[in-house]
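Enquirer: The numbering of the sequence shown is numbering that gives the first Met the number 0, which starts it at 0 and goes up by one. Even for Gly, the Cβ is constructed at its ideal location relative to N, Cα and C. This is the structure I have questions about; it appears just below.
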Amino acid sequence: MKGVIQYLYQLKLGKAILWCYLIWYLVTVYFHFDPSPKLWINSLGISAVIGTGLVLSVSAGERGRKDHWQTFRLYLMPFCVSSFSALIKGKGFIVVISPSLRETLVAIVCCGLFLALILVVKQHFAKRSCPSVTGKVDPGK
């Protein structure tokens, strides 16, 4: 649990937004899941092609240490985009907003709760200056 708290404490805004993208995607999958293997296989294929292109574009031929989470995200994003677009096709979505107020509110509330959790963790541990979470040592202690 300490690892999760530390991760949330150190989480930057950009990555928090990416987590909200994933939350929005998962809410949409929950409401519009399609068990068709064709949809998911096509999404995996698009992910493989586009993800490889993205990995090649950010690597620039470097042989240094690879960021495995970044590589995972570069493959996950095209998978989510392609499956999301297939799931919402013809269902009246406006960009990523569901025509169902209930679905949209569930996604907004889930993202809001996640962001509130991050804020609570950051405020709580910033006051305590806990070295095990913040990685900083309070000189007054």
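Measure the CB-CB distance between Leu10 and Leu116 and report whether it falls below 8 Å.
Expert: Their beta carbons are not under 8 Å apart, which means Leu10 does not touch Leu116 by this criterion.
Enquirer: Applying the 10 Å Cβ sphere with the 16-neighbour rule, what's the burial state of Arg127?
Expert: Exposed, by the Cβ-count rule.
Enquirer: First and last residue of the alpha helix (DSSP H) that includes Phe30?
Expert: Leu12 to His31 is the extent of the alpha helix (DSSP H) around Phe30.
Enquirer: Whose C-beta lies closer than 6 Å to the C-beta of Ser56 among residues of the same chain, with five residues either side of it excluded?
Expert: Once the five neighbours on either side are set aside, Ser56 has no close Cβ partner at all.
Enquirer: Hey, how far is the Cα of Val108 from the Cα of Thr27?
Expert: Roughly 13 Å between the two C-alpha positions.
Enquirer: Mind the definition here: the segment 43-50 touches the segment 67-80 only if three or more C-beta pairs lie below 8 Å; say whether that holds.
Expert: Enough Cβ pairs lie closer than 8 Å, so yes.
Enquirer: Excluding the 5 residues preceding and the 5 following Gly50 in the sequence, name in chain order all residues of the same chain whose CB lies nearer than 6 Å to its CB.
Expert: Here the set comprises Leu73, Tyr74 and Pro77.
Enquirer: For Trp23 versus Phe113, is the C-beta spacing smaller than 8 Å?
Expert: No; because the gap between Cβ atoms is not below 8 Å, this pair is not in contact.
Enquirer: On the premise that Ala106 lies in contact with Leu38, defined as a C-beta separation below 8 Å, what is that separation, rounded to the nearest angstrom?
Expert: 20 Å between Cβ atoms; not a contact.
Enquirer: Counting only the same chain and skipping the five closest in sequence on each side, list residues whose C-beta sits under 7 Å from that of Pro138.
Expert: In this prediction, Pro138 scores a pLDDT of 47, lower than 50, which makes its location untrustworthy; the coordinate-derived value is nonetheless stated afterwards. If we look at Pro138 and ignore the five residues flanking it on each side, it has no Cβ neighbours.
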